[in-house]
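Engineer: Handing you this structure, nothing more for now.
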Amino acid sequence: MQYALDVFDTKLYTSSQANPKILSSALDTLVHISNTTIGRTALRKSNRFNILYKFSVRCPDDQVYNSTLAKLCTVINVCQEKSLLPLNSMQSAYVFDLGDIKTEVNDLETRSDSDDSEADDNEEPVVQHLMEPSSTSIRKSESLKFEISFDYWKDQDELVLTYGQLFDEFRKEIPKYNVASPLRTGKSVESMKTMINSFDTFKSSKYFNARADTTIINGDNINIDKYDIRLLANLRKSQTHKAAYLSIAKRVNSVTPFVKIAYPDWIGADIDDQSLEPLYNDNVHVSRKKLVSCLDRSVSKRRDSGDLIVYDLDYLLENISETLNNEQLSNKDERNLGAKSGFDHLHFESRFESGNLRKAIKIGTFEYDLILNTDVNSTLHSQWFYFQVSNMEALKPYVFNIVNLEKPNSQYRSGMQPIMFSVKSYAELKTGWRRTGADICYYGNYYKSGNKTHDSYMTATFTIQFPFDRDICYLAYVYPYTYSTLLYKCFSWKNSIDPATTLFRANCLCRSLNNNEVPIITITSVETNEKKIKDRPIVYLTSRVHPGETCSSWVIDGVIEYLCGHTITAKKARETYVFKIIPMLNVEGVINGCHRCGLTNEDLNRKWSSPDPKLHPEIFHARGILEYVAKVMKTVPYAYCDFHGHSNRKNCFFYGCSTKKSWSRMDLYKYENETDFMVLPILMQNCCPTFSLSQCKYKIERNRETTARITVWRCYGVKRSYTLETSYCGCDEGLYKGFHLGIRQLKEIGSTFCMSLSSLEEETKKRANLPAFNRLSTITTSPSSKSMDFVDEEQSDSD
Numbered sequence: 001m002q003y004a005l006d007v008f009d010t011k012l013y014t015s016s017q018a019n020p021k022i023l024s025s026a027l028d029t030l031v032h033i034s035n036t037t038i039g040r041t042a043l044r045k046s047n048r049f050n051i052l053y054k055f056s057v058r059c060p061d062d063q064v065y066n067s068t069l070a071k072l073c074t075v076i077n078v079c080q081e082k083s084l085l086p087l088n089s090m091q092s093a094y095v096f097d098l099g100d101i102k103t104e105v106n107d108l109e110t111r112s113d114s115d116d117s118e119a120d121d122n123e124e125p126v127v128q129h130l131m132e133p134s135s136t137s138i139r140k141s142e143s144l145k146f147e148i149s150f151d152y153w154k155d156q157d158e159l160v161l162t163y164g165q166l167f168d169e170f171r172k173e174i175p176k177y178n179v180a181s182p183l184r185t186g187k188s189v190e191s192m193k194t195m196i197n198s199f200d201t202f203k204s205s206k207y208f209n210a211r212a213d214t215t216i217i218n219g220d221n222i223n224i225d226k227y228d229i230r231l232l233a234n235l236r237k238s239q240t241h242k243a244a245y246l247s248i249a250k251r252v253n254s255v256t257p258f259v260k261i262a263y264p265d266w267i268g269a270d271i272d273d274q275s276l277e278p279l280y281n282d283n284v285h286v287s288r289k290k291l292v293s294c295l296d297r298s299v300s301k302r303r304d305s306g307d308l309i310v311y312d313l314d315y316l317l318e319n320i321s322e323t324l325n326n327e328q329l330s331n332k333d334e335r336n337l338g339a340k341s342g343f344d345h346l347h348f349e350s351r352f353e354s355g356n357l358r359k360a361i362k363i364g365t366f367e368y369d370l371i372l373n374t375d376v377n378s379t380l381h382s383q384w385f386y387f388q389v390s391n392m393e394a395l396k397p398y399v400f401n402i403v404n405l406e407k408p409n410s411q412y413r414s415g416m417q418p419i420m421f422s423v424k425s426y427a428e429l430k431t432g433w434r435r436t437g438a439d440i441c442y443y444g445n446y447y448k449s450g451n452k453t454h455d456s457y458m459t460a461t462f463t464i465q466f467p468f469d470r471d472i473c474y475l476a477y478v479y480p481y482t483y484s485t486l487l488y489k490c491f492s493w494k495n496s497i498d499p500a501t502t503l504f505r506a507n508c509l510c511r512s513l514n515n516n517e518v519p520i521i522t523i524t525s526v527e528t529n530e531k532k533i534k535d536r537p538i539v540y541l542t543s544r545v546h547p548g549e550t551c552s553s554w555v556i557d558g559v560i561e562y563l564c565g566h567t568i569t570a571k572k573a574r575e576t577y578v579f580k581i582i583p584m585l586n587v588e589g590v591i592n593g594c595h596r597c598g599l600t601n602e603d604l605n606r607k608w609s610s611p612d613p614k615l616h617p618e619i620f621h622a623r624g625i626l627e628y629v630a631k632v633m634k635t636v637p638y639a640y641c642d643f644h645g646h647s648n649r650k651n652c653f654f655y656g657c658s659t660k661k662s663w664s665r666m667d668l669y670k671y672e673n674e675t676d677f678m679v680l681p682i683l684m685q686n687c688c689p690t691f692s693l694s695q696c697k698y699k700i701e702r703n704r705e706t707t708a709r710i711t712v713w714r715c716y717g718v719k720r721s722y723t724l725e726t727s728y729c730g731c732d733e734g735l736y737k738g739f740h741l742g743i744r745q746l747k748e749i750g751s752t753f754c755m756s757l758s759s760l761e762e763e764t765k766k767r768a769n770l771p772a773f774n775r776l777s778t779i780t781t782s783p784s785s786k787s788m789d790f791v792d793e794e795q796s797d798s799d
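Each residue of the sequence shown is one higher than the one before, starting from 1 at the first, in the working numbering.
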């Protein structure tokens, strides 16, 4: 350790004489030492942080030293005595009372989920920290894992009663079971002795019964029956987007009341003329200056006495929330443009749907430390952000330091910029969301994190020059997609299709813990004599189980929009399949600005193997759909895909399932035809400019057994079970190389996914007849693409 520290001692030589390779090796040694508690203690006791700090100040300007400086900053911050965030409690400001319902979050899940299960390829995967099981323990765990059946329903009558109306298009062909009498209401959960009975009551009293208002709306309204989405009952085709969105948003149930509707969501900011925006190329000198400045604060622990709290969510909730009601929601941003304040600091707000700023502290003339709210009922999961800024001066360099991010790595280090929406710019020029920010750095700080894997928070810092005086701007991690937006889109999609040719239905699958409706959408072509619905396989799609992965919502939005369209391939896809789509699984997390979880502080994508009907109704009923298809319809979906976002990689790509890459020895002996699951990625490579075939992986990891992708593959035998990952950032290959992904590109991923599906069945059959060595050979690769080796190792995925 002392030798490694001596390398950075500029007394022994001038910094310009430093050998980059020697410095890199010494720094790697210090990084390794700082990864352990004993090592961090030894580094602190050495009292030689000043040596590292002085070197960072005098570090040569050559670009080769950029990564050295960034690592140096992280080592210093990691080894500092940790400070607590300036909060009264690390617990989220949003608390949802679960009553007598208790959650069980085991330690393995907490560790695995805390870094979003998206470990960088260079990071050590969580699974390596676990004890390597013996062959005996593997066999025992396998038998336990694989023999547990999802058997909440005692007979098929129960399934027909629960899900039958969601499959109306097939009902003529389904055997007629004895349908039970209407479900009883009024019994309490506590009075039931078994899981089955408690589920019956839970289902009948909260999740399936229509509300008292059963009126059918006439005129230009859409008809609403008891399985349709109730929040759409009062909407009219003649309403503007603003009026319809406002009507929906006022009736959404949030954990705490909101004070406004965010302007970009209110006006529907998914403008199609958005031009490609290049990845950010940082100014080395300016970024270094900012990094050294932050390092100076870390080493000296200097906090100016003039620090001023300018936004405090905890205070606002305690003192103001009692007077608020969602029925009063509106937006007055256009009216407030140019309004002058008696204060010389920025004004912040995030008490709107998907917003999550907790505290803003002014630490300099134009610099602010920002603390994000963690997930509801949690002390963890802070990465997504969405908040409003106002009272700014034009063209001043405002610095924002988001100081409680959790991921050890980020695309902010690789060209990603946050996004900004200017109300004045939209009002005058119809300009929507734009990438913004300069001098972007991402580094470990000296604040203590509650994360067991990474005990220091990360800071993302960027500088913004606002274009107008007294504007109102919104800043976000990636493009927001709220629950109210989804509901409005369901209304819009239904009214955009031609009912003579297209069957479109938006139903309520269930209700969430806070009594919000979870939509399920059915899309197919109207039955004809030549194209019988009973002969069409089902394609099952889900999205947004992790609320911070908003890009997944834009991708599945592109899927639905394309399927509702009039192109030849859209018509072919509708005639070939019946699509069952749950576009937003975790509606509670989305509404309340969560990043990873919902209201129970649990990752819902780790609950697919055994979802609780009370705690995880969305996952429970999403699996119920699969149970209905398997047990009542006596078939399985032709394909399943769960849409996600990825924070550490560029492009979009699949994770699939191959027995040859399974952790389980039992799987290795199963027969597998690679054509079954490899053709869809090949088709995507041929038609999607964002797709990277070389990044597709097909591992079945032990700590992913409870995810949607593997559960659907293992429990229902769906060979084409995928996760489609889309980068938060942009592309490093193909047509969009060097550019961010905008809303148009995200929707394009969804449309090309449908194009690929439209020819998947016939392409699979065609390739099945080819010689084995040639079945997967006809592919189109980009010049920068790697070899398509599907058995390549993959450390971790985000599903």
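Beta carbons: idealized from backbone N, C-alpha and C, even for Gly.
If Leu-72 and Ser-92 are in contact, beta carbons under 8 Å, what's the gap, nearest whole angstrom?
Structural biologist: Walking along the sequence shown from the start, residue 72 turns up at place 72. Walking along the sequence shown from the start, residue 92 turns up at place 92. Between Ser-92 and Leu-72 the Cβ distance is about 33 Å, and since that is not below 8 Å, they are no contact.
Engineer: Pull up the DSSP beta-bridge partners for His-595, would you.
Structural biologist: Locating residue 595 in the sequence shown gives position 595, counting from the first residue. Its beta-bridge partners do not exist; DSSP assigns none.
Engineer: Which runs of the alpha helix (DSSP H) fall wholly inside the stretch 635-713 and span at least 4 residues, in chain order?
Structural biologist: 665-668 and 675-687
Engineer: Starting from Val-423, trace the alpha helix (DSSP H) in both directions and tell me its first and last residue.
Structural biologist: What you label residue 423 is simply residue 423 of the sequence shown in a count that begins at 1. First-last of the alpha helix (DSSP H) with Val-423: 423-429.
Engineer: Please list the terminal residues of the continuous beta strand (DSSP E) segment that includes Lys-359.
Structural biologist: Counting from one through the sequence shown, the residue named residue 359 turns up at place 359. Here the beta strand (DSSP E) through Lys-359 covers 357-364.
Engineer: With the cut-off set at 9 Å, would you say Pro-86 and Lys-359 are in Cβ contact?
Structural biologist: Against the sequence shown, residue 86 aligns to sequence position 86. Against the sequence shown, residue 359 aligns to sequence position 359. For Pro-86 and Lys-359, yes; Cβs fall inside 9 Å.
Engineer: Taking DSSP as the reference, what is the three-state secondary structure of Ser-112?
Structural biologist: What you label residue 112 is simply residue 112 of the sequence shown in a count that begins at 1. Residue placement at Ser-112 is poorly supported in this model, since its pLDDT is 40, which falls under 50; the coordinates are not used for a value here.
Engineer: Under a Cβ-count criterion, where at least 16 other Cβ atoms within 10 Å of its own Cβ denotes burial, should Thr-37 be classed as buried or exposed?
Structural biologist: For the purposes of this step, residue 37 is identified with residue 37 of the sequence shown, where counting begins at 1. Thr-37 is exposed by the Cβ-count criterion.
Engineer: Thinking Val-590 and Arg-544 are a contact (beta carbons under 8 Å), I'd like their distance in whole angstroms, please.
Structural biologist: Working through the sequence shown from its first residue, we reach residue 590 at position 590. Working through the sequence shown from its first residue, we reach residue 544 at position 544. The beta carbons of Val-590 and Arg-544 sit about 6 Å from each other, so the pair counts as a contact at 8 Å.
Engineer: Just the C-alpha distance for Ala-70 and Ile-582, rounded to the nearest angstrom, thanks.
Structural biologist: Here residue 70 refers to the residue found at position 70 when the sequence shown is read from its first residue. Here residue 582 refers to the residue found at position 582 when the sequence shown is read from its first residue. Approximately 42 Å between the Cα atoms of the pair.
Engineer: From Ala-460 to Phe-385, what does the alpha carbon distance come to, in whole angstroms?
Structural biologist: Within the sequence shown, numbered from 1, the residue matching residue 460 stands at position 460. Within the sequence shown, numbered from 1, the residue matching residue 385 stands at position 385. If I take the Cα positions, the gap works out to 11 Å.
Engineer: In the stretch 543-621, which residue ranges form an unbroken alpha helix (DSSP H) of at least 4 residues, counting only runs that do not cross its ends?
Structural biologist: 550-563, 568-576 and 587-591
Engineer: Consult DSSP for Ala-506 and reduce its assignment to one of helix, strand or coil.
Structural biologist: Counting from one through the sequence shown, the residue named residue 506 turns up at place 506. In the three-state reduction of the DSSP assignment, Ala-506 falls in the strand class.
Engineer: Between Cys-731 and Leu-724, how many whole angstroms is the CB-CB distance? I'm expecting something under 8 Å.
Structural biologist: Against the sequence shown, residue 731 aligns to sequence position 731. Against the sequence shown, residue 724 aligns to sequence position 724. Rounded to whole angstroms, the Cβ separation of Cys-731 and Leu-724 is 15 Å, and the two are not in contact under 8 Å.
Engineer: Classify Asn-507 as buried or exposed, calling it buried when 16 or more other Cβ atoms lie within 10 Å of its own Cβ.
Structural biologist: Residue mapping note: residue 507 aligns to position 507 of the sequence shown, counting from 1. Buried, since its Cβ has 16 or more Cβ neighbours within 10 Å.
Engineer: So what's Asp-9 in DSSP terms, helix, strand or just coil?
Structural biologist: Stepping through the sequence shown from its first residue, residue 9 is reached at position 9. Coil at Asp-9, not helix or strand.
Engineer: If you draw a straight line from the C-alpha of Leu-746 to the C-alpha of Val-526, how long is it?
Structural biologist: Locating residue 746 in the sequence shown gives position 746, where the first residue counts as 1. Locating residue 526 in the sequence shown gives position 526, where the first residue counts as 1. For Leu-746 and Val-526, the distance between alpha carbons rounds to 28 Å.
Engineer: To the nearest angstrom, report how far apart Tyr-315 and Val-259 are at their CA atoms.
Structural biologist: What you label residue 315 is simply residue 315 of the sequence shown in a count that begins at 1. What you label residue 259 is simply residue 259 of the sequence shown in a count that begins at 1. About 14 Å.
Engineer: Can you tell me whether Gln-328 is helix, strand or coil according to DSSP?
Structural biologist: As a first step, residue 328 must be located in the sequence shown, where it is residue number 328. Note: Gln-328 maps to helix in three-state DSSP.
Engineer: Excluding the 5 residues flanking Ile-521 on each side, which residues of the same chain have their C-beta closer than 6 Å to its C-beta?
Structural biologist: Numbered from 1 along the sequence shown, position 521 holds the residue referred to as residue 521. Result list for Ile-521: Ala-506 and Ile-581, in chain order.
Engineer: Just list the residues that DSSP pairs Gln-388 with in beta bridges.
Structural biologist: The residue you call residue 388 lines up with position 388 of the sequence shown. Note: Gln-388 sits in a beta bridge opposite Glu-349 and Tyr-474.
Engineer: Quick check: Val-632 and Val-160, are their CB atoms within less than 9 Å of each other?
Structural biologist: In the sequence shown, residue 632 corresponds to position 632, counting from 1. In the sequence shown, residue 160 corresponds to position 160, counting from 1. Yes, Cβ-Cβ distance for Val-632 and Val-160 is below 9 Å.
Engineer: Under the three-state reduction of DSSP, which class applies to Gly-219: helix, strand or coil?
Structural biologist: Your numbering for residue 219 matches position 219 in the sequence shown. In this prediction, Gly-219 scores a pLDDT of 38, lower than 50, which makes its location untrustworthy; the coordinate-derived value is nonetheless stated afterwards. Correct three-state label for Gly-219: coil.
Engineer: Within 10 angstroms of its Cβ, does Ser-191 collect 16 or more other Cβ (buried), or is it exposed?
Structural biologist: Counting from 1 along the sequence shown, the entry for residue 191 is found at position 191. With a pLDDT of 31 at Ser-191, under the threshold of 50, the modelled position of that residue is not reliable, and the figure given next carries that caveat. Looking at its Cβ environment, which holds fewer than 16 other Cβ atoms inside 10 Å, Ser-191 is exposed.
Engineer: Put Phe-167 into one of helix, strand or coil per three-state DSSP.
Structural biologist: Counted from its first residue, the sequence shown places residue 167 at position 167. Here Phe-167 sits in helix by DSSP.
Engineer: Run the CB neighbour count on Leu-5, radius 10 Å, all protein chains shown included, and call it buried at 16 or more, exposed below.
Structural biologist: The count along the sequence shown starts at 1 and reaches residue 5 at position 5. Burial call: buried.
Engineer: Could you check whether Ala-243 and Phe-491 sit closer than 9 Å to each other, using their CB atoms as the reference points?
Structural biologist: Walking along the sequence shown from the start, residue 491 turns up at place 491. Walking along the sequence shown from the start, residue 243 turns up at place 243. Not in contact: Phe-491 and Ala-243 (Cβ atoms no closer than 9 Å).
Engineer: Considering Asn-401, what are the terminal residues of the beta strand (DSSP E) in which it resides?
Structural biologist: Locating residue 401 in the sequence shown gives position 401, counting from the first residue. Unbroken beta strand (DSSP E) run through Asn-401: 397-405.
Engineer: In angstroms, rounded to a whole number, what distance separates the CA positions of Ser-205 and Ile-472?
Structural biologist: Position 205 of the sequence shown holds residue 205. Position 472 of the sequence shown holds residue 472. Confidence in Ser-205 is poor, its pLDDT being 42 and thus under 50, which makes the residue's placement too unreliable to answer from.
Engineer: Does the structure place the stretch 387-407 close enough to the stretch 561-575 that three or more beta carbon pairs sit under 8 Å?
Structural biologist: No, the stretch 561-575 is not in contact with the stretch 387-407.
Engineer: Beta-carbon within less than 7 Å of Gly-624's beta-carbon, same chain only, minus the 5 sequence neighbours each way: which residues are those?
Structural biologist: Sequence index remark: in the sequence shown, residue 624 carries index 624 (1-based). These residues qualify, in order along the chain: Thr-162 and Tyr-163.
Engineer: With a threshold of 7 Å on Cβ separation, who are the neighbours of Thr-711 within its own chain once the five nearest residues in sequence on each side are excluded?
Structural biologist: Within the sequence shown, the letter at position 711 stands for residue 711. Result list for Thr-711: Trp-608 and Ser-609, in chain order.
Engineer: Of all the options Leu-475, Ala-639 and Cys-597, which has the alpha carbon lying nearest to the alpha carbon of Pro-537?
Structural biologist: Reading the sequence shown from its first residue, position 537 is the one you call residue 537. Of Leu-475, Ala-639 and Cys-597, the residue nearest in Cα terms is Ala-639.
Engineer: What whole-angstrom Cβ distance do His-546 and Asn-586 have, given they're in contact under 8 Å?
Structural biologist: Position 546 of the sequence shown, counted from the first residue, corresponds to residue 546. Position 586 of the sequence shown, counted from the first residue, corresponds to residue 586. Contact flag correct, Cβ pair sits at about 7 Å.
Engineer: Quick one: any contact between the stretch 408-422 and the stretch 261-280, if contact means 3 or more CB pairs under 8 Å?
Structural biologist: yes
Engineer: Are the stretch 639-659 and the stretch 715-724 touching by the rule of at least three beta carbon pairs closer than 8 Å?
Structural biologist: yes
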